[in-house]
Every structure is written in C-alpha cells, then in structure tokens.
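The block underneath contains the structure these notes are about, expressed in structure tokens.
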Amino acid sequence: LFRRDRAHTGRVPGELPGYLNQPWRAETTGEITSPVLVYGSFVLVARTDRHIYAFDRTGGNQIWKYDVNAVITQPPALQDNVYYFVDDQNRATAIALGTQNPLWQTRLAVPNISDTATADTGFVVAGDALFVGVKHNDKHYIIQLDRYRGGVLRSFDIGNVASQPLVVGHQLLYVAANGL
C-alpha cells in the first residue's frame with residue numbers, strides 16, 4: 101500500500117531505531133519511476149528500463165522481474181497480492197506478483213468523453229474499485245475502475261485543475277485540487 105496503509109498515513113507503529121544501516125543493495129538499470137513499495141516479503145520498484153522489480157525484503161535478492169514494455173508514470177497500488185499501475189502508454193494494468201501475464205489491461209478513458217486519457221495520479225484502492233485521476237485535453241477527471249476486471253465504471257469531472265494524489269479514508273474518496 102502507498103504510504104503504509106489504506107488511509108495513506110505513512111505512519112509506522114512504534115519507534116524506529118536511533119540509527120540507520122544498509123543491510124543490502126540491489127543494482128538495476130535505469131532510474132526509479134515509482135515509490136518503493138513493501139508488501140509481505142517483497143520490496144517492489146519500477147524503473148525507466150520498463151520493468152518492475154521485486155526483491156527479497158530481508159536479503160535483497162531479485163525474486164521477480166516483469167517487463168511492462170512502458171514506463172510506469174504514477175505511484176502504483178498493491179492489494180491482495182496484485183500490483184496496479186498506469187504507464188506512459190495510457191494503460192492501466194493489474195498483475196499478480198510473481199507472474200508474467202496481466203490479470204487485465206485497459207486503456208485509460210473517460211466514458212462518453214474520450215477513448216484515451218493521461219494519468220494525473222496513481223491508483224487508490226477502495227473495496228472492489230480503483231480510482232485514478234486523469235486528464236483529457238485541458239479537463240481533469242477521476243475515473244473509477246472495477247479492480248477485478250479493469251473496466252471503467254464511471255467518471256467524475258473535477259474541472260480544469262489537476263488533482264493531487266487521491267486518498268481514501270472512512271469510506272470517502274478525498275480529492276485535492278485547489279481545494280478539498
């Protein structure tokens with residue numbers, strides 16, 4: 101999950117040690133394009149070489165690599181062992197960790213407006229749905245996708261101001277775009 105929990109608090113229970121050490125280092129090609137995500141025994145990161153990498157959290161060994169064939173442009177989401185991401189080809193994709201075939205892949209679109217849109221934000225998971233901020237021409241929208249099949253369910257017009265990262269808390273979707 102982005103920023104540790106569904107509410108994106110970024111809080112860690114308990115105290116961190118008074119020192120930092122580097123137990124391992126992993127070398128890959130390209131620059132990092134997504135936040136590092138920790139999920140179970142995985143540490144995941146996307147890079148400009150068009151791949152997602154998963155490393156063993158304790159030893160740093162690469163245990164999985166997925167060829168996206170595009171650059172991940174926004175923060176991904178992880179839920180129930182599935183990695184959700186958007187890329188620079190205007191696609192939304194879901195892939196089960198450790199596999200090589202997407203569960204689904206769909207073009208970002210705004211229903212009844214456009215067959216293509218560009219992601220403004222990463223995904224946020226809320227129950228059976230995914231939400232992502234997108235842009236088409238000079239207008240911005242939030243689109244809701246079915247998290248199991250990838251179909252676009254509906255869109256919300258938020259005007260001419262790009263949204264900031266989306267947050268779900270207490271069964272509400274919060275959108276910050278020159279206001280809340």
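Sequential numbering from 101 applies to the sequence shown in our numbering.
By construction, the Cβ of each residue, glycine as well, lies at the ideal position given by its N, Cα and C atoms.
Quiz item: So, is Gln162 buried or exposed, given that buried needs 16 or more other C-beta atoms within 10 angstroms?
Solution: Residue mapping note: residue 162 aligns to position 62 of the sequence shown, counting from 1. Gln162 should be labelled exposed.
Quiz item: Going by beta carbon distance, what residues of the same chain come within less than 6 angstroms of Ser255, once the five residues before and after it are set aside?
Solution: The sequence position of residue 255 within the sequence shown is 155, counting from 1. Val210, Pro211, Tyr241, Ile243, listed in sequence order.
Quiz prompt | Close-in-space but distant-in-sequence residues of the same chain around Ile172 (CB under 6 angstroms, 5 per side omitted) | solution = As a position in the sequence shown, residue 172 is number 72, starting the count at 1. Around Ile172: Thr133, Ser134, Ala146, Phe185, Asp187.
Practice problem: Return the residue from the list Pro176, Leu144, Glu131 that minimises the CA-CA distance to Val232. | Solution: By 1-based counting over the sequence shown, the position of residue 232 is 132. The shortest Cα separation from Val232 among Pro176, Leu144, Glu131 belongs to Pro176.
Quiz item: Does the distance from the CB of Asp228 to the CB of Arg247 come in under 7 angstroms?
Solution: Your numbering for residue 228 matches position 128 in the sequence shown. Your numbering for residue 247 matches position 147 in the sequence shown. Yes, the Cβ-Cβ distance between Asp228 and Arg247 is below 7 angstroms.
Quiz item: With respect to the beta strand (DSSP E) encompassing Ala217, which residues constitute its N-terminal and C-terminal limits?
Solution: For the purposes of this step, residue 217 is taken as the residue at position 117 of the sequence shown. Unbroken run through Ala217: none, as it is neither H nor E.
Quiz item: Can you give, in chain order, each stretch of the beta strand (DSSP E) that sits fully within the stretch 173–248 and has at least 3 residues?
Solution: Here the runs fully enclosed are 177–179, 182–186, 191–196, 204–207, 224–226, 229–236, 239–246.
Self-check item: Val112 in three-state terms, based on DSSP
Solution: Against the sequence shown, residue 112 aligns to sequence position 12. Val112 carries a coil assignment under DSSP once its states are collapsed to helix, strand and coil.
Quiz prompt | Which of helix, strand or coil DSSP assigns to Trp164 | solution = The residue given as residue 164 occupies position 64 in the sequence shown. The answer is strand: DSSP assigns Trp164 an E or B state.
Practice problem: Determine the extent of the beta strand (DSSP E) in which Arg254 is found, giving its start and end residues. | Solution: To locate residue 254, count along the sequence shown from 1; it is residue 154. Element bounds for Arg254: 252–259.
Self-check item: Contact set for Asn190: own chain, Cβ-Cβ below 8 angstroms, skip 5 residues either direction
Solution: Within the sequence shown, numbered from 1, the residue matching residue 190 stands at position 90. Excluding residues within five positions, the ones whose Cβ falls inside 8 angstroms are Arg207, Leu208, Thr216, Ala217, Thr218, Ala219.
Quiz item: Which stretch, first to last residue, makes up the beta strand (DSSP E) that contains Arg157?
Solution: As a position in the sequence shown, residue 157 is number 57, starting the count at 1. No beta strand (DSSP E) holds Arg157; DSSP gives it neither H nor E.
Quiz item: In whole angstroms, what separates the C-alpha of Gln200 from that of Ala194?
Solution: Walking along the sequence shown from the start, residue 200 turns up at place 100. Walking along the sequence shown from the start, residue 194 turns up at place 94. Answer to the nearest angstrom: the Cα atoms are 11 angstroms apart.
Exercise. Take Val182 as the anchor and find which of Gln205, Ala170, Gly160 has the nearest alpha-carbon.
Key: Translated into positions along the sequence shown, residue 182 becomes position 82. Of Gln205, Ala170, Gly160, the residue nearest in Cα terms is Gln205.
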